[in-house]
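Okay, so the sequence shown: first residue is 2 according to our numbering, each after it adds one. Read through the structure below, which is laid out as C-alpha cells, and then see the notes.
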Amino acid sequence: MTVTLTAKRTLTASAGGRLNLDNINPHVKAAKYAVRGELAVKAEEYRVKLAQGDKSLPFDSVIFANIGNPQQLDQKPISFFRQVLSLLENPSLLENPEALRTSFGYQQDVIDRAKTLLADVQSVGAYSHSQGAPIIRDSVAKFIEERDGFPANPQDLYLTGGASSGVSTLLNVICDGPSAGVLVPIPQYPLYTATLSLLNAQCVPYHLEEHRAWGTDVNAIRQNLAQAKAAGTDVRAIVVINPGNPTGASLSAEDIKGVLDLAAEEKLVVIADEVYQTNVFTGEFISFKKRLRQLQQEVPGKYDSVELASLHSVSKGMVGECGHRGGYFELVGFDPEVAAQVYKYVSIMLCPPVIGQCLVELMVNPPKEGEPSRAVYEKEYNGIRYGLRKRAFALYEAFQRMEGVECQEPQGAMYLFPTITLPPKAVEAAKAENRAADEFYCLRLLDATGVCVVPGSGFGQKENTLHFRTTFLAPGTDWVERIVKFHSEFMAKYK
Numbered sequence: 002m003t004v005t006l007t008a009k010r011t012l013t014a015s016a017g018g019r020l021n022l023d024n025i026n027p028h029v030k031a032a033k034y035a036v037r038g039e040l041a042v043k044a045e046e047y048r049v050k051l052a053q054g055d056k057s058l059p060f061d062s063v064i065f066a067n068i069g070n071p072q073q074l075d076q077k078p079i080s081f082f083r084q085v086l087s088l089l090e091n092p093s094l095l096e097n098p099e100a101l102r103t104s105f106g107y108q109q110d111v112i113d114r115a116k117t118l119l120a121d122v123q124s125v126g127a128y129s130h131s132q133g134a135p136i137i138r139d140s141v142a143k144f145i146e147e148r149d150g151f152p153a154n155p156q157d158l159y160l161t162g163g164a165s166s167g168v169s170t171l172l173n174v175i176c177d178g179p180s181a182g183v184l185v186p187i188p189q190y191p192l193y194t195a196t197l198s199l200l201n202a203q204c205v206p207y208h209l210e211e212h213r214a215w216g217t218d219v220n221a222i223r224q225n226l227a228q229a230k231a232a233g234t235d236v237r238a239i240v241v242i243n244p245g246n247p248t249g250a251s252l253s254a255e256d257i258k259g260v261l262d263l264a265a266e267e268k269l270v271v272i273a274d275e276v277y278q279t280n281v282f283t284g285e286f287i288s289f290k291k292r293l294r295q296l297q298q299e300v301p302g303k304y305d306s307v308e309l310a311s312l313h314s315v316s317k318g319m320v321g322e323c324g325h326r327g328g329y330f331e332l333v334g335f336d337p338e339v340a341a342q343v344y345k346y347v348s349i350m351l352c353p354p355v356i357g358q359c360l361v362e363l364m365v366n367p368p369k370e371g372e373p374s375r376a377v378y379e380k381e382y383n384g385i386r387y388g389l390r391k392r393a394f395a396l397y398e399a400f401q402r403m404e405g406v407e408c409q410e411p412q413g414a415m416y417l418f419p420t421i422t423l424p425p426k427a428v429e430a431a432k433a434e435n436r437a438a439d440e441f442y443c444l445r446l447l448d449a450t451g452v453c454v455v456p457g458s459g460f461g462q463k464e465n466t467l468h469f470r471t472t473f474l475a476p477g478t479d480w481v482e483r484i485v486k487f488h489s490e491f492m493a494k495y496k
C-alpha cells in the first residue's frame with residue numbers, strides 16, 4: 002500500500018464551507034509522493050517530541066534519510082557561493098570592500114562576482130526575464146559547452162525554481178489530455194508519477210534491470226511501449242534519470258544510445274533528469290546532450306528529429322542548496338513554435354527566484370585556477386565529495402553484513418536502494434496491517450531507531466521484490482549501526 006500524503010495541520014474548521022474532500026480536484030487527491038509520506042510525517046512527530054525533552058523514545062535523534070536534503074544533514078554550504086549571495090542580498094556591504102576583505106575574509110573575486118551579477122540583475126528582489134537572467138543563461142551555456150564539447154545556445158535555456166518546476170513545465174506542455182502517456186523508469190522518483198496524476202495523464206512504467214546495475218533494457222521498454230499503444234495511450238516522451246534516483250546508477254554510453262535510438266524511431270521526447278551529474282563515484286557521467294551530438298555526427302540524419310530536454314539543479318551534488326530553488330533545463334531539437342509555448346508557460350509564473358538563478362551561475366562558474374577563492378573552494382568541494390563517497394561505501398558494507406539484504410555497489414547520486422528478503426511471518430504481519438511488507442519494515446525501523454527511509458513500494462518495483470531507499474548524507478556511522486542492529490532483531494523476531 003502506498004500512502005497518499007496527508008500532512009497534519011492545525012486549522013480552524015469551518016462548518017458548511019464550500020470545499021471538502023468530495024469536491025476538490027480529484028487529481029490532487031490521486032497524486033502520491035512517498036518521499037514525504039506517512040513515514041516522513043511520523044519522523045517529524047518524533048523530532049518534535051525529542052525537541053520537547055521527551056525521553057520515552059528508544060533513540061535520541063531522528064535521521065531523515067528519506068530525502069536528498071544535504072544541508073538538513075549537516076553538509077556545509079560552499080563559502081564562495083554564500084559570500085557572493087550575502088552581497089547580492091545586501092548590496093550596501095559593497096560600499097566598504099576593505100572591511101569585507103580584512104574583517105570578514107571576503108576575497109576580491111567574491112566582491113567582483115557580486116558586482117558583475119548585480120550589474121545585470123540590478124536587484125535579487127526584482128523580477129528577471131521570465132526565461133532567466135541573460136548573464137546567467139550565458140554562463141550556463143558556456144558550462145554545457147565545456148562539459149560536452151558541443152555548442153549550447155542561451156536562447157534554448159530556461160532557468161527554473163529547482164529541477165522539479167522544470168519537470169512540471171515540460172510535462173504540462175507535453176501532455177494534452179487523459180490519453181497522453183510518458184514512459185517513466187521503475188523504480189522512479191515519484192515527482193513524475195505525481196505530476197502525471199495531476200495532469201490526468203498516463204504513466205507508462207518501464208523497469209530498470211537490477212542485475213545489470215540498474216541499467217536499461219531497451220527491448221523491454223519497446224514491449225511496454227507497444228502494450229501502451231495497443232491500449233490507446235499516446236506515448237509522447239520517455240523520462241531517464243541519470244544518475245538514477247532511487248538507484249544511484251549511472252548509465253553507460255551504450256545505454257544512452259539505446260534510449261536515443263528508441264526516441265528517434267518512435268518520435269519520443271527525451272526528458273533527461275541529470276541533477277546528480279556530479280555525484281558519480283564509479284565511471285564517468287555522460288550527458289544525453291553529448292551522446293546525442295556524437296550520434297548526430299556519426300550517423301547523419303538518423304537523430305536529427307530527436308527532441309531532448311535536459312535538467313540540472315543546485316539542490317544536489319556538492320552544492321546541496323535545496324532551499325534556494327535553482328535549476329535549469331535546456332531544449333534541443335524542439336520546434337520553435339513549441340519552444341514559444343514553453344516560454345509562454347514559464348512567463349505565466351513570471352520568473353524563477355532570482356537568488357536561486359544567481360546560485361546556478363555560481364554552480365556552473367565556480368572560482369577558476371589562479372583566482373583567490375579557488376583553493377578554499379576546491380578544499381570544500383573535494384571534502385564534501387570524499388565524505389559522500391566514504392559514507393556511501395560504509396553503508397554499502399553494512400548492508401553486506403545484513404541477512405537477506407543485497408545491494409548494488411554505490412555508483413552515484415545520494416542513495417542506495419537495497420533489496421530486502423523478509424521472513425514469511427513478517428510478510429503476514431504486514432498484510433494484517435494492510436501494508437506492503439517493505440513499508441511495514443520501514444515503519445518498524447523508524448519506531449525502533451529514529452532512522453527514516455522510504456519503502457521501495459513508494460518508487461515502484463518489480464513484483465515479488467522488496468526494497469527501501471536511504472540517503473547516505475547523514476554524518477557519522479552511528480545511525481548505520483542502528484539499522485544493522487534493528488535488522489538483526491527484526492529478522493530474529495519474525496523467523
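Don't be surprised by glycine CBs; every beta carbon is placed ideally from N, CA and C. Values in this document were obtained by computation on a predicted structure and should not be read as measured data.
Alpha-carbon spacing of residue i relative to residue j, whole angstroms
| i | j | result |
| --- | --- | --- |
| Leu200 | Ala340 | 20 Å |
| Lys391 | Gly477 | 10 Å |
| Val219 | Gly259 | 6 Å |
| Pro456 | Glu440 | 5 Å |
| Gly162 | Phe335 | 22 Å |
| Asp235 | Ser198 | 16 Å |
| Ala31 | Pro92 | 46 Å |
| Leu296 | Gly302 | 10 Å |
| Lys291 | Asn97 | 44 Å |
| Ala44 | Ser57 | 15 Å |
| Met319 | Thr103 | 28 Å |
| Pro71 | Gly388 | 12 Å |
Same chain, Cβ closer than 8 Å to residue i, five either side skipped, listed in chain order
| i | result |
| --- | --- |
| Arg445 | Phe487 and Phe491 |
| Lys77 | Glu381 and Ile385 |
| Thr170 | Tyr159, Thr161, Phe330, Val343, Tyr346 and Val347 |
When the options are compared against residue i, the one with the closest alpha-carbon
| i | options | result |
| --- | --- | --- |
| Val333 | Phe151, Ile136 and Gly54 | Phe151 |
| Lys232 | Asn243, Thr248 and Val205 | Looking at the sequence itself, residue 232 is Ala, so the reference to Lys does not match. Nearest option by C-alpha distance: Val205. |
| Phe65 | Val125, Glu46, Lys143 and Met350 | Glu46 |
| Gly178 | Thr194, Ala202 and Ile484 | Ala202 |
| Ala229 | Val281, Ala115, Asn246 and Tyr207 | Tyr207 |
| Gln132 | Lys50, Ala399 and Gln358 | Gln358 |
| Ala414 | Val452, Tyr346, Val454 and Asn280 | Asn280 |
| Met364 | Tyr344, Lys345 and His325 | His325 |
| Gly461 | Ala181, Arg114 and Glu211 | Glu211 |
| Thr471 | Ala433, Cys408, Phe82 and Lys496 | Cys408 |
| Tyr442 | Glu370, Arg19 and Leu40 | Leu40 |
| Ala493 | Met403, Gly459 and Asp479 | Met403 |
| Gly38 | Glu482, Ala475, Asp479 and Gly459 | Gly459 |
| Lys143 | Ser62, Pro59 and Glu362 | Glu362 |
| Ala115 | Gly106, Ala100 and Ser87 | Ser87 |
Residue interval of the beta strand (DSSP E) (run including residue i)
| i | result |
| --- | --- |
| Tyr346 | That residue, Tyr346, is in no beta strand (DSSP E); its alpha helix (DSSP H) goes Pro337 to Ile349. |
| Ala273 | Val270 to Asp274 |
| Gln203 | Gln203 to His208 |
| Ile187 | Ala181 to Ile187 |
| Val333 | Gly328 to Val333 |
| Tyr159 | Leu158 to Thr161 |
| Ala310 | Leu309 to Ser314 |
Beta-carbon proximity list for residue i, same chain, < 7 Å, skipping 5 on both sides
| i | result |
| --- | --- |
| Arg148 | Ser288 |
| Ser165 | Leu192 |
| Asp110 | Pro368, Glu372, Pro373 and Ser374 |
| Tyr128 | Leu351 and Cys352 |
Residue span of the alpha helix (DSSP H) that contains residue i, given as start and end
| i | result |
| --- | --- |
| Asp235 | Segment Asp235 to Ile242 is the beta strand (DSSP E) holding Asp235; no alpha helix (DSSP H) there. |
| Tyr304 | No alpha helix (DSSP H) contains Tyr304, which DSSP labels as neither H nor E. |
| Arg470 | Per DSSP, Arg470 belongs to no alpha helix (DSSP H); it is in the beta strand (DSSP E), Phe469 to Thr472. |
| Ser165 | Ala164 to Ile175 |
| Ile145 | Pro135 to Asp149 |
| Ser104 | Pro98 to Phe105 |
Inter-residue CB distance, residue i and residue j (contact presumed, cutoff 8 Å)
| i | j | result |
| --- | --- | --- |
| Val141 | Leu158 | 5 Å |
| Gln412 | Ala273 | Not confirmed; about 17 Å, so no contact. |
| Tyr329 | Ala265 | Wrong, their Cβ atoms sit about 25 Å apart, outside the cutoff. |
| Glu322 | Leu360 | 6 Å |
| Leu184 | Ala238 | 7 Å |
Residues near residue i by beta carbon distance below 6 Å, same chain, minus five either side
| i | result |
| --- | --- |
| Arg10 | The predicted model places Arg10 with a pLDDT of 48, which falls under 50 and marks its position as unreliable, so this point remains unresolved. |
| Asp139 | Pro155 |
| Ala438 | Leu423, Val428, Ala431 and Leu467 |
| Pro27 | none |
| Leu209 | Pro186 and Trp215 |
Residue i Cβ short of 7 Å to the ligand COA heavy atom set
| i | result |
| --- | --- |
| Met403 | Inclusion of the ligand COA in the displayed structure is not the case, the ligand content being empty and no account of it being possible. |
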